[in-house]
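Structure, as structure tokens:
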């Protein structure tokens, strides 16, 4: 049965593990070059919250559906930490379906037959928007920013998105919708540009990043730092990527996106049959281990390590109340935006208590707020998955708001 | 629509701001929005009802009358509605105080424990009454704070609330001539409805 038999040396184990990642390192990135992404560039300087001015910013984006003549049916979808603008179509690098295809599309809760949907790669990202992989200047051989890319905030991301929607001719969003870090952006939109968001749907999110969540991010960052291939953030000089470090970061993070019930349901304590039949300390592999390794190794093919560092840091800095004298209600005082707060009962990364705190702050601000906790055993990831109650609530909320907006 | 909701909606001025506590599936707030142009919102403790209401485009949030009213600012609403829930909350007195803090007026309906059938059953059998209105045994009823119409008048006087309107009806919503006399209403009314204002 399942007892590991210890006959191997540690060195042999290390060789095996390293071999698993060697292919990934050789294989290199699937990320298409930035020129292949649809994007808009804004010259004339972009002042970041940290005080550094970027000479220009590029925002890569995708749109779906048609903007109506009144330009009043635009919905901005904000993506999470490792998401991108390919919300409702196959990812050009991996070929996988859009990350929110259950939610965005014809006849879906965010109905592209009815609404004009915009999704932009966040500032600091690696799918065409300005970030650590962007060249430092316009020179022909300009090196990437790397870890010299200035620290950015969720508000910087939102201000870059605002430039984009202005460029697209949208002066007021009908709605901003997003989960996790996307929900942080939605909250920031409602707080910073209240007159430009008719409805806001922050899903599975919080008004600040908790100490526990910062701690998990730090584990991921340390994994990247500890990979020699990271090379102080200048891995491009060696033509490599810190694949092992980034994969471990993803593995640790991925656990936080699931729930104990979901892991038990999907994997339990089942073992995969060892391929070689040789007995060794790690000759057997639990299915959950195999799954996590797969998650780690596929992630490094599509994501840039320095972007991961930059964006996790932006989430860590997020504390909307702190920007408003410590009172979250002040961030929303007098707002006319209609809110729908959604949480999932098995989400321990962004637990319902944090959504409830947002809802209560909105009550204090006198805002119009719907708040629902969806029953699901899928943990934080539930917002990305097929959750009919969530989809019904989102669809109904948007329809109700459309009626109030005269759409 | 349940008759007490219909009677309540008739007492609510058009275009008012209304909070319905225990809004259930959102029938009242939808009716107030569609027929009176009210900005009507709901709080509901049953998550399935909340999901149902939000999925119908109604602004309802999950919350508890006992704990969540404290988070609203003073005077945010013109009317705060509590229908057939007062007897089930933990602290009825505090809930009423909060209602009249966050709203100019409070609309409260509750089943009357002073009805003659309830009194008669207790006197005759010496056991907790079971009637069409009070239909759950004592060990599983959510109604932990039953009161009579007279009790409610006393509480309003004690708290300094002005009773702008009140009525007592039977379970079909019919009013009877005795509605003008609190003593008789307390004997023959099965349901009571009060419109209160901060005095």
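Protein chains in written order, with this note's numbering: chain Y, 20 to 426; chain Z, 289 to 487. Just so it is clear, CB atoms sit at the ideal spot from N, CA and C, and this is done for glycine as well.
Following the DSSP letters along the chain, one finds residue 407 of chain Y inside the alpha helix (DSSP H) bounded by residues 407-424. Residue 458 of chain Z has no beta-bridge partner at all, per DSSP. The beta carbons of residue 338 of chain Z and residue 415 of chain Y sit about 11 Å from each other, so the pair does not count as a contact at 8 Å. Counting along the chain, no beta strand (DSSP E) covers residue 260 of chain Y, and no H or E run does either.
With the rule of 3 Cβ pairs closer than 8 Å, the segment 316-326 of chain Z does not count as touching the segment 378-396 of chain Y.
In the DSSP assignment, the residues bridged to residue 197 of chain Y are Y/97, Y/221. For residue 402 of chain Y, the closest alpha carbon among the candidates Y/384, Y/238, Y/221 is that of Y/221. Runs of the alpha helix (DSSP H) lying entirely within the segment 362-430 of chain Z, each at least 4 residues long, are 380-390, 404-413 in chain order. Per the coordinates, the alpha-carbon of residue 179 of chain Y lies some 15 Å from the alpha-carbon of residue 192 of chain Y.
When C-beta atoms of the segment 259-273 of chain Y are compared with those of the segment 301-317 of chain Y, three or more pairs fall below 8 Å, so the two segments count as touching. Residue 348 of chain Y and residue 384 of chain Y have their C-alpha atoms some 5 Å from each other. Assignment of residue 171 of chain Y by DSSP, reduced to helix, strand and coil, places it in the coil class. Inside the segment 320-360 of chain Z, DSSP marks whole alpha helix (DSSP H) runs of 4 or more residues at positions 335-343, 353-356, from first to last along the chain. Judged by beta-carbon spacing, residue 391 of chain Y lies within the 7 Å limit of residue 412 of chain Y, meaning their Cβ atoms are closer than that value.
In terms of beta-carbon proximity, residue 383 of chain Y lines the interface with chain Z, with at least one pair separated by less than 7 Å. For residue 70 of chain Y, no beta strand (DSSP E) segment is defined, and its DSSP state is neither H nor E. Residue 202 of chain Y sits close to residue 224 of chain Y, with the two beta carbons spaced by under 7 Å. Between residue 72 of chain Y and residue 58 of chain Y, the C-beta spacing is not below 7 Å. Membership of residue 60 of chain Y in the beta strand (DSSP E) is indicated by the continuous run 58-66. Only those residues of the segment 318-347 of chain Z whose C-beta falls short of 7 Å from the nearest C-beta of chain Y are listed: 329, 335, 338, 339, 342, 343, 344, 345, 346, 347.
Straight-line spacing of the CA atoms in residue 371 of chain Z and residue 335 of chain Y works out to 44 Å. Of the residues assessed, residue 238 of chain Y falls on the exposed side of the cut-off, its CB having fewer than 16 other CB atoms within 10 angstroms.
Close to residue 367 of chain Z, with beta-carbon spacing below 8 Å, lies no residue of chain Y; the smallest spacing is near 15 Å.
Residue pairing of residue 81 of chain Y in beta bridges, as defined by DSSP: Y/138. Judged by beta-carbon spacing, residue 123 of chain Y lies beyond the 7 Å limit of residue 141 of chain Y, meaning their Cβ atoms are not closer than that value.
Closer than 7 Å to the CB of residue 391 of chain Y there is at least one CB belonging to chain Z.
In this structure, residue 311 of chain Z and residue 348 of chain Z form a Cβ contact; the two beta carbons are roughly 6 Å apart against a cut-off of 8 Å. Two segments are said to touch when three or more pairs of C-beta atoms, one from each, lie closer than 8 Å; by this definition the segment 478-487 of chain Z touches the segment 446-460 of chain Z.
When the alpha-carbon of residue 368 of chain Y is set against those of Y/235, Y/301, Y/243, Y/121, the nearest one is in Y/235. For residue 364 of chain Z, the chain Y residues whose C-beta falls within less than 9 Å of its own C-beta are 382, 385, listed in chain order.
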